[in-house]
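Going line by line, the protein sequences match chains E and X. Take the first sequence: its letters are residues 6 to 427, numbered as in the working numbering. Take the second sequence: its letters are residues 6 to 427, numbered as in the working numbering. For every residue, glycine included, the Cβ atom is placed at its ideal position computed from N, Cα and C. Remember, it's a predicted structure, so these values are computed and weren't measured experimentally. Data first, discussion second: the structure below is written as structure tokens.
There are 2 protein chains.
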Amino acid sequence: MALIVHKYGGTSMGSPERIKNVAKRVAKWARAGHQMVVVPSAMSGETNRLLALAKELAPAKETQSYMRELDMLASTGEQASSALLAIALQSEGMDSVSYAGWQVPIRTDSAFTKARIESIEDDRVRADLNAGRVVIITGFQGVDESRNITTLGRGGSDTSAVAVAAALKADECLIYTDVDGVYTTDPRVVPEARRLKTVSFEEMLEMASLGSKVLQIRSVEFAGKYKVPLRVLSSFTPWDINIQEEAKSGTLITFEEDTQMEQAVVSGIAFNRDEAKISIIGVPDKPGIAYQILGAVAEGNIEVDMIIQNIGKDGHTDFSFTVHRNDYARAMDLLKVKVLPTLGSTEAIGDTKICKVSIVGIGMRSHVGIASKMFRTLSEEGINIQMISTSEIKTSVVIDEKYMELAVRSLHKAFDLEQVQA
Amino acid sequence: MALIVHKYGGTSMGSPERIKNVAKRVAKWARAGHQMVVVPSAMSGETNRLLALAKELAPAKETQSYMRELDMLASTGEQASSALLAIALQSEGMDSVSYAGWQVPIRTDSAFTKARIESIEDDRVRADLNAGRVVIITGFQGVDESRNITTLGRGGSDTSAVAVAAALKADECLIYTDVDGVYTTDPRVVPEARRLKTVSFEEMLEMASLGSKVLQIRSVEFAGKYKVPLRVLSSFTPWDINIQEEAKSGTLITFEEDTQMEQAVVSGIAFNRDEAKISIIGVPDKPGIAYQILGAVAEGNIEVDMIIQNIGKDGHTDFSFTVHRNDYARAMDLLKVKVLPTLGSTEAIGDTKICKVSIVGIGMRSHVGIASKMFRTLSEEGINIQMISTSEIKTSVVIDEKYMELAVRSLHKAFDLEQVQA
Chain E
6 MALIVHKYGG TSMGSPERIK NVAKRVAKWA RAGHQMVVVP SAMSGETNRL
56 LALAKELAPA KETQSYMREL DMLASTGEQA SSALLAIALQ SEGMDSVSYA
106 GWQVPIRTDS AFTKARIESI EDDRVRADLN AGRVVIITGF QGVDESRNIT
156 TLGRGGSDTS AVAVAAALKA DECLIYTDVD GVYTTDPRVV PEARRLKTVS
206 FEEMLEMASL GSKVLQIRSV EFAGKYKVPL RVLSSFTPWD INIQEEAKSG
256 TLITFEEDTQ MEQAVVSGIA FNRDEAKISI IGVPDKPGIA YQILGAVAEG
306 NIEVDMIIQN IGKDGHTDFS FTVHRNDYAR AMDLLKVKVL PTLGSTEAIG
356 DTKICKVSIV GIGMRSHVGI ASKMFRTLSE EGINIQMIST SEIKTSVVID
406 EKYMELAVRS LHKAFDLEQV QA
Chain X
6 MALIVHKYGG TSMGSPERIK NVAKRVAKWA RAGHQMVVVP SAMSGETNRL
56 LALAKELAPA KETQSYMREL DMLASTGEQA SSALLAIALQ SEGMDSVSYA
106 GWQVPIRTDS AFTKARIESI EDDRVRADLN AGRVVIITGF QGVDESRNIT
156 TLGRGGSDTS AVAVAAALKA DECLIYTDVD GVYTTDPRVV PEARRLKTVS
206 FEEMLEMASL GSKVLQIRSV EFAGKYKVPL RVLSSFTPWD INIQEEAKSG
256 TLITFEEDTQ MEQAVVSGIA FNRDEAKISI IGVPDKPGIA YQILGAVAEG
306 NIEVDMIIQN IGKDGHTDFS FTVHRNDYAR AMDLLKVKVL PTLGSTEAIG
356 DTKICKVSIV GIGMRSHVGI ASKMFRTLSE EGINIQMIST SEIKTSVVID
406 EKYMELAVRS LHKAFDLEQV QA
């Protein structure tokens, strides 16, 4: 008997018929002797419907008070779907109960619309599990110390599921989604893309952060921190698929170093076009400049991704960074009003027509020639590289967004990713 | 400066446009210097939409676990509308915050789908009011001692509003609804029906219990118990109507005995066709019979309204009572299986084609001839009376439902209710 956490996305919960199928699948696992906790997302379309209503009424300024109400509003989607799943399980003859985040409670900080989980109490859930109940816990939400409802940001249900699995020391957390696992790259761009049977936690972290939308990045961080065995698998297999077969399907995110040794060095190509590039030209090359620029951006609550500072000449340097495209206009305003006047710099140049393409793989830095192979491949396709950043397990480049598909396909081929995994 | 509670029904909250109008109206009251608490219902149609989803998934048996999930589900409607109203108020430049029942908290018992309010903590709300915030509190719901969400039953938002007004010792509770007050009877049946400027709490209680659907009966009980000045008024007046005029519109439910003296003895005609009649023929006329019959019915959780026991002859009597039509079939089964065999009575006769018509008025019993005038009026129209029951302030008769409109119109005219109120 194991303690298993299932997480189902909005598509899987999209209609009463689909909820019934989820209930049947969960009941199958429970009848096989497992203690089951399920974290569902809101029914597909529901969160958008609610936020569209809010948008019609929204104040000009996005105050904290407004964000708080957005969380009150959006959290109802998961509360409703959780109750419906509990009801469907009862119809399957399973004793089942649903809890909103505050009822568990899942405690978070007070950063409305993007709160972070601080702790999860497990007494209530464990008592239910021991009494033979299937426990449904709303994804996406928690409660702060002042009893305000918070949400974890888009895709936060993945994080909820992993956090719940960590708190309960679950044997495995299964993320059911509309893809059947993690691929070497997006199959819509490269038809030869191949499903990975296993991927290391570190690679998954980079893939998620680099725009591979299979899992919310924070859920991967959580899984890594608490060593939660995590599997991504399809919710579109028939619910009555053989349970042993199902338990081995999808992609397992692993934490053991050993399994990595046999893998290819590059395990996937990630990409996204969510970012915009900002360059400040002619910045005085002296200590504190990076802080002066990025501190102001951070105060504006804008996340910065890549940061590049070139070697200066004549006491001046160029400073570039990328932000999410949604934050681009706000970041430019902020720089023009608050930063440029104090810098004595004359110009901030922006570009929203960029994309970021990355090769991801454990031990990349110790394998000579991986990065240069990437650069050569892009050069052979006539693609100009605008920015480069590297880490232990990835090399990312910023290029013109019109070359994105071409770059991904070329790199997928160059690194032999269509070959079957060892 | 007064502390005012507003309650808005689902129709008033039915679209973003309407929510904006509610926000403008509330902002007008706040700007006039009042401390404002608002209790909204779910957007019209939302509760039905949610319960229809539940119905598609519902188990065969309505267990407590199922009822609990229904409350988890249905309560989301008010949480969403409350957040939307807070957002709309913020757009109007008002500082505003919404609370779900559990956040206040509004404590109830654990009778899912029909919980009763036990207490309301006012610290948090009062602190917000003192800080100049408009406080929105979800109608219809509370939390039990085990941190389960409960709901108060259909129309429960009226009760929430009155209970909140009582807890905060509000100066007045204004129930905005789709009628502009309490009428002498339903204007759809009697076009000459007249709006009452005031109605006593006791009369309102009878009107509500007798099927006048303006207010949920429990909200009237609450208002009476805690002497909450309660006004029913229209939400369809323009939001920018003069506030002094608005404050005097609708119908005020009063608690002072004095104001009743000047009123006509009969203030309204109430009616409903929600009930069914059950008669048990040839019951042994001995002590304990009523309990033997109605005890079994009560154990089946079926509410009984009118109860009539005729004088017995030959040691036997006939025993009749009415139940809600929805409970009729179940009540008949229960009697046949559990009660008749032990009574030695041979027959239970049922009739679902009945209606109840009542005249309501303070001090009715002390005014000779009121009841007999009612009976004469019905007799003149050739309407046969099947059951009669009386109280201090009402006389009710059960008649064939096909005569309902005729009876109501005749009585309205006979008691001069179309005349303007003194």
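Distance between residue j and residue i (C-alpha atoms, nearest Å)
i, j, result
"V109 of chain E", "R278 of chain E", "37 Å"
"H11 of chain E", "V31 of chain E", "8 Å"
"I248 of chain E", "P196 of chain E", "29 Å"
"E267 of chain X", "T182 of chain X", "Bear in mind that a pLDDT of 45 at E267 of chain X, under 50, signals an unreliable position, so the number given afterwards is only what the model happens to contain. Spanning the two alpha carbons is a distance of roughly 28 Å."
"G160 of chain E", "E51 of chain X", "25 Å"
"Q391 of chain X", "V403 of chain X", "5 Å"
"A120 of chain X", "A57 of chain X", "21 Å"
"V365 of chain X", "A213 of chain X", "11 Å"
"I111 of chain X", "E150 of chain X", "10 Å"
"S384 of chain X", "D310 of chain X", "24 Å"
"L339 of chain E", "I313 of chain E", "19 Å"
"A168 of chain X", "S124 of chain X", "9 Å"
"G287 of chain E", "H321 of chain E", "5 Å"
"I24 of chain E", "P192 of chain E", "27 Å"
"R138 of chain X", "M99 of chain X", "7 Å"
"T190 of chain E", "S284 of chain E", "29 Å"
"L235 of chain E", "H329 of chain X", "54 Å"
"T203 of chain X", "A7 of chain X", "21 Å"
"I388 of chain X", "G255 of chain X", "34 Å"
"R200 of chain E", "D185 of chain E", "8 Å"
"H39 of chain E", "I298 of chain X", "48 Å"
"D323 of chain X", "S96 of chain E", "43 Å"
"T264 of chain E", "A59 of chain X", "With a pLDDT of only 49 at T264 of chain E, under 50, the local geometry of the prediction cannot be trusted, and no value is derived from it."
Proximity of residue i and residue j at Cβ, strictly below 7 Å
i, j, result
"E280 of chain X", "K361 of chain X", "yes"
"I274 of chain X", "V237 of chain X", "no"
"E211 of chain X", "I398 of chain X", "yes"
"T143 of chain E", "M72 of chain E", "no"
"F145 of chain X", "L157 of chain X", "yes"
"I154 of chain X", "L90 of chain X", "no"
"P243 of chain X", "L62 of chain E", "no"
Assigned exposure category for residue i - 16 Cβ within 10 Å defines buried
i, result
"T357 of chain E", "exposed"
"A35 of chain E", "buried"
"S363 of chain X", "buried"
"D319 of chain E", "exposed"
"P346 of chain X", "exposed"
"Q69 of chain X", "exposed"
"H372 of chain E", "exposed"
"I367 of chain X", "buried"
"Q424 of chain E", "exposed"
"D163 of chain X", "buried"
"Y333 of chain X", "buried"
"P292 of chain X", "exposed"
"G15 of chain X", "buried"
"I359 of chain E", "buried"
"F326 of chain E", "buried"
"T259 of chain X", "buried"
"A171 of chain X", "buried"
"M409 of chain X", "buried"
"V381 of chain X", "One detail in the question is off: residue 381 of chain X reads as Arg in this sequence, not Val. It is exposed - the Cβ of R381 of chain X has fewer than 16 other Cβ atoms within 10 Å."
"V342 of chain E", "exposed"
"G349 of chain E", "exposed"
Subject >> Contacting positions in the stretch 33–58 of chain X - beta carbon closer than 8 Å to chain E >> reply: Hits within the stretch, in order: L55, L58.
Subject >> Within 8 Å of chain E by C-beta, residues of the stretch 146–178 of chain X in sequence order >> reply: Under the 8 Å Cβ criterion, the stretch 146–178 of chain X contributes R152, N153, I154.
**OP:** Please name the residues in the stretch 177–201 of chain X whose beta-carbon is closer than 7 Å to at least one beta-carbon of chain E, in chain order.
**Re:** Listed in sequence order: no entries.
Original post:
Taking any Cβ of chain X, which residues in the stretch 12–36 of chain E have a Cβ under 7 Å from it, in chain order?
Top reply: Those residues of the stretch 12–36 of chain E placed with their C-beta closer than 7 Å to a C-beta in chain X are P21, I24, K25, ordered along the chain.
Original post:
Hey, which unbroken runs of the beta strand (DSSP E) at 3 residues or more fall wholly within the stretch 63–108 of chain E?
Top reply: Uninterrupted beta strand (DSSP E) stretches at least 3 residues long and entirely within the stretch 63–108 of chain E occur at 101–104, given in chain order.
**OP:** Could you run through the stretch 71–82 of chain X and flag, in chain order, every residue whose CB is less than 9 Å away from some CB of chain E?
**Re:** Answer set for the stretch 71–82 of chain X: Y71, R73, E74, L75, D76, M77, L78, A79, S80, T81, G82.
Original post:
According to a CB-to-CB cut-off of less than 8 Å, which residues of the stretch 58–69 of chain E neighbour chain X?
Top reply: Result list: L58, A59, E61, L62, A63, P64, A65, T68.
**OP:** Taking only beta carbons into account, state which residues of the stretch 120–137 of chain X come closer than 9 Å to chain E, listed in chain order.
**Re:** Listed by position, the residues of the stretch 120–137 of chain X near chain E (Cβ gap below 9 Å) are R129.
Subject >> Residues within the stretch 98–116 of chain E neighbouring chain X, beta-carbon criterion of under 9 Å >> reply: Hits within the stretch, in order: G98, D100, S101, V102, S103, Y104, A105, W107, Q108, P110.
**OP:** Can you give me, in chain order, the residues of the stretch 364–388 of chain X that have a beta carbon less than 9 Å from any beta carbon in chain E?
**Re:** None of the residues of the stretch 364–388 of chain X has a beta carbon lying less than 9 Å from any beta carbon of chain E.
**OP:** Any chance you could list the alpha helix (DSSP H) runs of at least 4 consecutive residues sitting entirely within the stretch 219–296 of chain E, in chain order?
**Re:** Segments of the alpha helix (DSSP H) lying fully in the stretch 219–296 of chain E: 222–231, 248–252, 263–266.
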